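For the sequence shown, the residue numbers in our numbering are 508 to 945. What follows is a single structure, written as structure tokens, with notes after it.
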Amino acid sequence: MGSIALEDPVVDPSPLFSSRVHRWEPGAIRSLLPLEAVPGMLSLVAGKPNPATFPVTEMTLTLRGSNEKIVLDESDLSQGLQYGLPGGNPELIRWFEGLQRRVHGLGEDASWSCCIGNGSQELIHRVFQVFTDPGDLVLIETPAYPGVVGFLRADGHHIVEVPSDAHGLDPVALERTLAEWPVHSSPRPKVLYTTPTGSNPTGQSCTEARKAAILRCAKRFNFMILEDDAYYFLNFEAKKAPSYLALERHVNGDTGRVVRFDSLSKIVSAGMRLGILTAPLKVVQKVIRITENINLQPSSTTQLLALSLLRYWDYSGFLNHCTQTAEFYRHRRDLFVAAADQYLQQNASWEVSTAGMFLWLTLRLPPGRDSFELLRRQGMESGILAIPGVAFMPKEQKMCQIRVSFSLISEDNMAEACRRISRLVESAWEEKSGGARE
Ligand SMILES: Cc1ncc(COP(=O)(O)O)c(C=O)c1O
Numbered sequence: 508m509g510s511i512a513l514e515d516p517v518v519d520p521s522p523l524f525s526s527r528v529h530r531w532e533p534g535a536i537r538s539l540l541p542l543e544a545v546p547g548m549l550s551l552v553a554g555k556p557n558p559a560t561f562p563v564t565e566m567t568l569t570l571r572g573s574n575e576k577i578v579l580d581e582s583d584l585s586q587g588l589q590y591g592l593p594g595g596n597p598e599l600i601r602w603f604e605g606l607q608r609r610v611h612g613l614g615e616d617a618s619w620s621c622c623i624g625n626g627s628q629e630l631i632h633r634v635f636q637v638f639t640d641p642g643d644l645v646l647i648e649t650p651a652y653p654g655v656v657g658f659l660r661a662d663g664h665h666i667v668e669v670p671s672d673a674h675g676l677d678p679v680a681l682e683r684t685l686a687e688w689p690v691h692s693s694p695r696p697k698v699l700y701t702t703p704t705g706s707n708p709t710g711q712s713c714t715e716a717r718k719a720a721i722l723r724c725a726k727r728f729n730f731m732i733l734e735d736d737a738y739y740f741l742n743f744e745a746k747k748a749p750s751y752l753a754l755e756r757h758v759n760g761d762t763g764r765v766v767r768f769d770s771l772s773k774i775v776s777a778g779m780r781l782g783i784l785t786a787p788l789k790v791v792q793k794v795i796r797i798t799e800n801i802n803l804q805p806s807s808t809t810q811l812l813a814l815s816l817l818r819y820w821d822y823s824g825f826l827n828h829c830t831q832t833a834e835f836y837r838h839r840r841d842l843f844v845a846a847a848d849q850y851l852q853q854n855a856s857w858e859v860s861t862a863g864m865f866l867w868l869t870l871r872l873p874p875g876r877d878s879f880e881l882l883r884r885q886g887m888e889s890g891i892l893a894i895p896g897v898a899f900m901p902k903e904q905k906m907c908q909i910r911v912s913f914s915l916i917s918e919d920n921m922a923e924a925c926r927r928i929s930r931l932v933e934s935a936w937e938e939k940s941g942g943a944r945e
């Protein structure tokens with residue numbers, strides 16, 4: 508796939524911006540901080556602590572496997588323990604912009620950029636603020652990642668569910684919803700939120716053909732695609748679909764309708780809280796404006812740790828680490844599916860996950876029973892914890908599904924977990940009819 512040429516038309520996303528985003532003013536102090544880097548400048552601006560008072564002068568990262576060490580000295584730490592810029596560490600941002608060029612074929616043009624956030628979760632929340640006002644309608648891939656549904660509900664958003672299946676989000680359902688939209692009574696939604704790789708909860712990924720159809724739909728109906736790809740690097744498929752970001756220009760002949768979220772949580776550390784936004788420049792600028800007013804910046808310290816590792820790895824080392832991590836989870840997926848094949852066939856069905864950490868089980872429950880009630884009443888005494896499907900349904904429909912995670916459970920316990928889920932289903936039938944299956 509070639510890179511984006513300078514002359515490709517770039518769509519301006521700002522007409523879709525919310526009213527509330529225009530109310531954020533530049534932070535009085537933060538907006539001056541970049542000027543401190545101007546040669547010869549004497550800055551009396553920031554209330555920065557003096558690094559001479561920082562009690563730590565050195566940190567050492569020891570790498571798993573090789574035992575190699577990355578030493579951060581006092582001059583590194585004078586920045587890493589200090590306030591930084593609201594959009595993130597400039598070198599780290601440049602690193603990720605370079606990554607997006609390599610991985611998604613983005614060009615050198617200034618129409619897009621990256622910024623860093625405290626996890627992708629924070630960035631997703633910020634981007635919703637950029638495009639929506641409380642109460643607005645939003646299109647959400649369903650079953651949906653509850654971390655997003657939670658804040659959308661609290662903001663009074665009206666969620667329009669768009670169904671997904673084993674091939675990802677359904678473009679036909681999306682198109683039908685938008686084509687039949689009662690435009691005289693309410694405008695069409697401005698954003699579609701989707702988790703295209705290894706969806707949380709289903710573990711399924713969207714195909715290239717479907718992404719292309721959804722991109723065409725975004726152009727036709729003028730909405731933004733919020734591509735939350737937290738599991739992008741944990742893809743087990745031999746032929747991986749390109750991202751929306753990579754496909755946009757080839758499908759639509761222009762760019763500017765895709766906002767992409769990456770996360771270091773699943774591949775480097777969840778506790779470092781580092782996520783990456785890749786978006787049209789105006790969107791990134793608005794997100795930074797919100798950050799400088801709310802929580803000032805992502806952590807300088809964890810950004811420095813990540814940057815040191817990424818400098819050490821370079822792109823090839825990083826991508827190699829991602830491949831090995833994906834292989835680690837693919838192996839666990841295979842073991843879990845083998846245990847499910849052995850102990851759960853009678854009592855559940857599933858599609859094998861193509862990426863991520865989850866398997867989405869459809870329990871064969873008696874009519875009228877649902878997984879929430881089952882787990883609530885019998886999960887504890889059966890010694891099994893899993894997430895009931897209703898947690899992933901924005902409209903809280905009762906479901907027979909449960910989400911199980913194979914990321915942490917020991918190999919030895921996988922079979923026992925599947926046996927316990929199986930017994931749970933059997934207990935529901937016993938309760939219903941003294942054991943007789945219909
Ligand atoms: C689909 C999805 N998006 C976003 C997140 C949040 O990731 P982060 O840790 O980068 O905030 C998660 C976390 O589990 C997730 O599953």
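Think of the CB as a built atom: it goes at the ideal place given N, C-alpha and C, for glycine as much as any other residue. No experiment lies behind these values; they were computed from the predicted model shown.
Presumed contact (8 Å Cβ cut-off) between residue i and residue j, rounded CB distance
{"i": "Ile795", "j": "Gly594", "result": "4 Å"}
{"i": "His908", "j": "Trp867", "result": "It should be noted that the sequence gives Gln, not His, for residue 908. Going by Cβ atoms, the distance from Gln908 to Trp867 rounds to 6 Å, so yes, they are a contact pair."}
{"i": "Arg780", "j": "Ser807", "result": "In fact, because the Cβ distance is near 12 Å, the residues do not count as touching under 8 Å."}
{"i": "Thr639", "j": "His664", "result": "7 Å"}
{"i": "Phe743", "j": "Ala862", "result": "6 Å"}
{"i": "Lys789", "j": "Ser521", "result": "5 Å"}
{"i": "Thr564", "j": "Lys576", "result": "With a Cβ gap of about 16 Å, Thr564 and Lys576 do not count as contacting."}
{"i": "Ser993", "j": "Pro558", "result": "The structure shown has nothing for residue 993, since the chain only spans 508 to 945."}
Range of the contiguous beta strand (DSSP E) that encloses residue i
{"i": "Glu734", "result": "731-735"}
{"i": "Asn625", "result": "619-625"}
{"i": "Pro653", "result": "Segment 653-661 is the alpha helix (DSSP H) holding Pro653; no beta strand (DSSP E) there."}
{"i": "Val698", "result": "698-701"}
{"i": "Thr494", "result": "Nothing about residue 494 can be read from this structure; the chain reaches only from 508 to 945."}
{"i": "Gln586", "result": "Unbroken run through Gln586 is the alpha helix (DSSP H), 581-587; no beta strand (DSSP E)."}
{"i": "Glu575", "result": "Unbroken run through Glu575: none, as it is neither H nor E."}
{"i": "Ser770", "result": "765-770"}
{"i": "His494", "result": "Beyond the ends of the chain as shown, which are 508 and 945, falls residue 494; an answer cannot be given."}
{"i": "Ile891", "result": "Counting along the chain, Ile891 falls outside any beta strand (DSSP E), and DSSP gives it neither H nor E."}
{"i": "Leu870", "result": "865-870"}
{"i": "Ser912", "result": "908-912"}
{"i": "Thr569", "result": "566-569"}
7 Å Cβ shell around residue i - same chain, five flanking residues per side excluded
{"i": "Phe843", "result": "Leu866, Phe913, Met921"}
{"i": "Trp688", "result": "Arg695"}
{"i": "Arg717", "result": "His674, Gly675, Leu676, Pro678"}
{"i": "Ala553", "result": "Ile536, Leu540, Tyr590"}
{"i": "Glu668", "result": "Ile647, Thr649, Pro901, Lys902"}
{"i": "Arg580", "result": "Reading off the sequence, residue 580 comes out as Asp, not Arg. Counting only Cβ-Cβ distances below 7 Å, and skipping sequence neighbours, we find Glu565."}
{"i": "Arg884", "result": "none"}
{"i": "Ala898", "result": "Pro653"}
{"i": "Val528", "result": "Gln636, Val637, Lys793"}
{"i": "Gly890", "result": "Arg927"}
Limits of the unbroken alpha helix (DSSP H) element including residue i
{"i": "Thr798", "result": "788-801"}
{"i": "Leu841", "result": "The sequence as given places Asp at residue 841; Leu does not occur at that position. Taken as a continuous stretch (DSSP letters only), the alpha helix (DSSP H) holding Asp841 covers 807-850."}
{"i": "Glu938", "result": "918-940"}
{"i": "Ser878", "result": "878-881"}
{"i": "Thr684", "result": "678-686"}
{"i": "Leu606", "result": "597-611"}
{"i": "Leu722", "result": "715-728"}
{"i": "Leu754", "result": "751-759"}
Cβ neighbour criterion (16 or more within 10 Å) applied to residue i
{"i": "Met508", "result": "Bear in mind that a pLDDT of 46 at Met508, under 50, signals an unreliable position, so the model cannot answer this."}
{"i": "Leu542", "result": "exposed"}
{"i": "Ala719", "result": "buried"}
{"i": "Met731", "result": "buried"}
{"i": "Glu734", "result": "buried"}
{"i": "Lys697", "result": "buried"}
{"i": "His632", "result": "buried"}
{"i": "Glu532", "result": "exposed"}
{"i": "Met906", "result": "buried"}
{"i": "Thr830", "result": "exposed"}
{"i": "Leu606", "result": "buried"}
{"i": "Asp841", "result": "exposed"}
{"i": "Ser864", "result": "Here residue 864 turns out to be Met, not Ser, going by the sequence shown. Per the 10 Å Cβ criterion, buried."}
{"i": "Pro708", "result": "buried"}
{"i": "Arg530", "result": "exposed"}
{"i": "Val465", "result": "Coverage of the chain is limited to positions 508 through 945, which leaves residue 465 absent and any answer about it impossible."}
Own chain, CB closer than 8 Å to residue i, minus 5 neighbours either side, in chain order
{"i": "Ile511", "result": "Because Ile511 carries a pLDDT of 46, less than 50, the predicted location of this residue cannot be relied on, and the following value inherits that uncertainty. Gly612, Leu613, Gly614, Asp616, Arg756, Thr762, listed in sequence order."}
{"i": "His929", "result": "According to the sequence provided, residue 929 is Ser. The question's His does not apply to it. So the list reads Tyr850, Leu851, Gln853, Asn854, Ala855, once near-sequence residues are dropped."}
Own chain residues within Cβ distance below 6 Å of residue i, not counting five before or after
{"i": "Asp519", "result": "none"}
{"i": "Tyr832", "result": "The sequence shown places Thr at residue 832, rather than the Tyr named in the question. Here the set comprises Ile774."}
{"i": "Ala786", "result": "Val766"}
Closer than 7 Å: residue i CB and nearest ligand 3 heavy atom
{"i": "Glu532", "result": "Ligands displayed in this structure: ligand 1; ligand 3 is not among them."}
Closer than 8 Å to chain D by CB, residue i
{"i": "Lys555", "result": "The displayed structure is made up of one protein chain only, and chain D is not part of it."}
**Item:** Within 6 Å of ligand 1: residues by beta-carbon to any heavy atom
**Value:** Gly626, Ser627, Gln628, Tyr652, Gly654, Thr702, Asn707, Asp735, Ala737, Ser770, Ser772, Ala777, Gly782
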